[in-house]
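Step one of this worksheet: look at the structure below.
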Amino acid sequence: MLELRLLRQEKARIIKGLHKRAGYENIEKLIDEIIETDDERKTAQSQNDLILSQINSISKEVGEFMKSGKKSEAESLKLKVAELKNENKQFDDRLRLAQEKLESILIQLPNVPHESVPNGKTPEDNEIYKAWSGELPVLGPEALPHWELAKKYKVFDMELGVKISGSGFILYRQNGARLQRALINFFLDEAGAAGYEEIQAPLLVNGDSARGTGQLPDKEGQMYYVEKDDLYLIPTAEVPVTNIYRDVILKEMELPIKLTGYTPCFRREAGSYGAHVKGLNRVHQFDKIEIVRIEHPDNSYTALMDMLTHVEGLLQKLELPYRILRLCGGDMGFASALTFDFEVWSAAQQRWLEVSSVSNFETFQTNRMKLRIKTDSGEIKLAHTLNGSALALARIVASILENHQTENGIRLPKALVPYFGKEILA
RNA sequence: GGUGAGGUGGGUGAGUGGCUGAAACCAACGGUUUGCUAAACCGUCGUACUCCGAAAGGGGUACCGAGGGUUCGAAUCCCUCCCUCACCGCCA
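Dropping the structure here:
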């Protein structure tokens with residue numbers, strides 16, 4: 005949620021930034037409406053406080069009269085309070101109305117794109133921040149897409165996933181199950197070595213948590229919801245992990261906070277279909293190792309670059325061709341100020357697959373979840389949050405299968421061999 | 001799931017209608033003292049909104065799990081919900 009304070013102070017910058025997003029070309033009127041509503045809120049608040057103050061002091065007088073036995077004086081003051089309360093009602097209503105209106109408008113506004121975010125509406129407008137400098141692997145005519153390789157080498161079984169749950173659910177077996185476990189351990193070890201504390205978080209979260217990181221109300225339909233217990237299945241570890249610090253005021257010296265967590269991620273992906281969702285490209289449940297950081301506002305962009313380096317290192321160790329995109333305004337997530345996507349080349353499908361998304365949310369999440377810093381000088385301000393996938397497994401598995409296929413089986417990248425226990429998956 | 005107890009500031013915990021935004025202690029922070037450490041002593045030590053002020057600072061309002069109610073006045077009384085703890089039941 006955008007900070008009201010900034011909307012007032014840096015209105016021009018915010019409007020300019022929002023213009024980069026699709027559907028926010030005419031945002032000026034709404035911003036003005038917010039400011040007007042906030043003015044109304046302040047007026048009502050002041051009036052309300054003034055009357056309450058009078059009631060408080062009269063109530064004290066009533067107490068004194070009662071003590072000294074002056075009953076009639078007390079009674080007349082009581083009438084006065086009743087009057088004031090009546091008068092106060094209108095300000096109270098105005099205040100509540102203004103607050104509700106503010107909240108409902110603000111919650112609909114996305115984050116302001118960082119100045120470096122390119123203009124653009126669609127994924128084609130994303131900027132290639134770092135292109136793949138090497139050769140893309142050239143596969144022979146006998147090369148198979150990952151869903152065929154999966155059958156050949158007993159990696160996963162789509163039909164069983166359908167039988168047990170439904171379409172979009174994958175059952176990994178033998179080689180695949182082991183590869184999953186190897187990747188999870190590899191990614192967690194790498195994150196640990198980079199200074200991230202490992203977290204095992206709940207996979208179901210309450211509405212406050214989903215709101216804190218911005219999944220509610222923006223993406224309500226994308227989460228699985230357990231109605232009976234009023235809980236949501238997490239779409240990413242970002243939700244439970246970041247919410248550890250909901251409603252917390254951190255001391256400056258406690259920063260930065262670096263956390264990592266492995267969780268399955270659940271996404272309804274309602275309305276997705278077609279060739280692009282085949283195999284592991286888009287599934288309802290996949291495994292992901294997430295890295296989350298809470299940073300001082302002055303350091304958050306340095307931290308973002310550091311996260312980029314970490315993710316890049318993982319892809320290099322997996323010996324996969326990758327590229328990095330800086331997302332354009334139209335393709336960025338609702339809560340993000342700046343996002344870099346990592347894409348891995350899928351050799352058999354001849355297309356790039358997104359395997360990581362690394363974002364700085366600045367104060368967008370922390371404003372919602374009241375995650376603040378108390379500086380050494382005693383000032384309280386919102387922290388910055390960042391997160392990124394490091395990495396998402398399903399597509400990495402697809403990519404390893406396709407890019408590293410040989411006549412004898414799937415060659416495992418060196419870094420994974422100790423985790424998998426063999427050099428060739430066959 | 002059943003029964004009982006309870007939810008107060010970073011922690012322990014006092015407070016049963018007005019003098020309590022909240023005692024006391026601990027922790028933390030600043031200082032005095034000190035060869036160093038420790039101890040002792042002094043001081044500071046909630047958040048949000050808002051008004052005045054250039055600022056320093058000062059004033060007001062709200063908040064004692066959440067929401068509602070009673071009352072001139074609620075941390076304190078009543079109702080609903082949530083949560084925690086203990087015991088029982090069930091169970092990986």
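Residue numbers (the working numbering): 5 to 430.
Glycine included, every Cβ here is placed at the ideal spot set by N, Cα and C.
Check, Outcome
"Same chain only: Cβ atoms within 6 angstroms of residue 92, ignoring 5 sequence neighbours per side", "55"
"Residue span of the alpha helix (DSSP H) that contains residue 33, given as start and end", "32-71"
"Burial state of residue 372 (16 or more Cβ within 10 Å)", "buried"
"Residue range of the unbroken beta strand (DSSP E) whose run includes residue 326", "326-330"
"Simplified DSSP assignment, three categories, for residue 413", "strand"
"Option nearest residue 153 by Cα separation, candidates 166, 284, 207", "284"
"Residue 75 - containing alpha helix (DSSP H), residue span", "75-110"
"Backbone secondary structure at residue 354 - three-state DSSP", "coil"
"Element boundaries [beta strand (DSSP E), containing residue 405]", "Note, residue 405: premise wrong, no beta strand (DSSP E); alpha helix (DSSP H) at 397-407."
"C-beta atoms of residue 312 and residue 267 nearer than 8 angstroms", "no"
"Cβ-based neighbour list, residue 170, same chain, cut-off 8 angstroms, excluding 5 preceding and 5 following", "288"
"Own chain residues within Cβ distance below 6 angstroms of residue 95, not counting five before or after", "48, 51, 52"
"Stretch-stretch touch, CB-based, cutoff 8 angstroms, three pairs: the segment 330-341 with the segment 18-28", "yes"
"Residue(s) in a DSSP beta bridge with residue 133", "Residue 133 is not bridged to any residue."
"Inside the segment 111-191 only - beta strand (DSSP E) runs reaching at least 3 residues", "131-134"
"DSSP state of residue 273 mapped onto helix, strand, coil", "coil"
"Cβ neighbour criterion (16 or more within 10 Å) applied to residue 295", "buried"
"Span of the alpha helix (DSSP H) around residue 12", "8-13"
"Continuous beta strand (DSSP E) assignments of at least 3 residues falling wholly in the segment 276-313", "289-299"
"Bridge-paired residues (DSSP) for residue 361", "345"
"Cβ neighbours of residue 196 in the same chain (closer than 8 angstroms, five flanking residues each side left out)", "202, 264"
"Proximity below 8 angstroms, CB of residue 161 to CB of residue 182", "no"
"Sequence-distant residues of the same chain with beta carbon closer than 8 angstroms to residue 81, five excluded per side", "62, 65, 66, 69"
"Identity of the residues DSSP links to residue 268 by a beta bridge", "291"
"Residue range of the alpha helix (DSSP H) that includes residue 423", "421-424"
"Cβ shell of residue 262 (< 6 angstroms), same chain only, five flanking positions each side left out", "199, 200, 297"
"Bridge-paired residues (DSSP) for residue 209", "236"
"Residue 302 to residue 14 span [Cα, whole Å]", "18 angstroms"
"Segment contact flag, the segment 241-252 with the segment 210-217, C-beta cutoff 8 angstroms, min 3 pairs", "yes"
"Cα-Cα separation between residue 325 and residue 409, rounded to whole angstroms", "14 angstroms"
"Cβ contact check for the segment 71-86 and the segment 34-42: 3 or more pairs under 8 angstroms", "no"
"Enclosing alpha helix (DSSP H) for residue 25 [first to last residue]", "Unbroken run through residue 25: none, as it is neither H nor E."
"Residue 238 burial status per 10 Å Cβ neighbour count (16 or more: buried)", "buried"
"Beta-carbon contacts of residue 255 that lie in its chain and below 7 angstroms, excluding the five residues immediately before and after", "378"
"Cα-Cα separation between residue 106 and residue 114, rounded to whole angstroms", "14 angstroms"
"Beta-bridge pairing of residue 201 - partner residues as DSSP gives them", "263"
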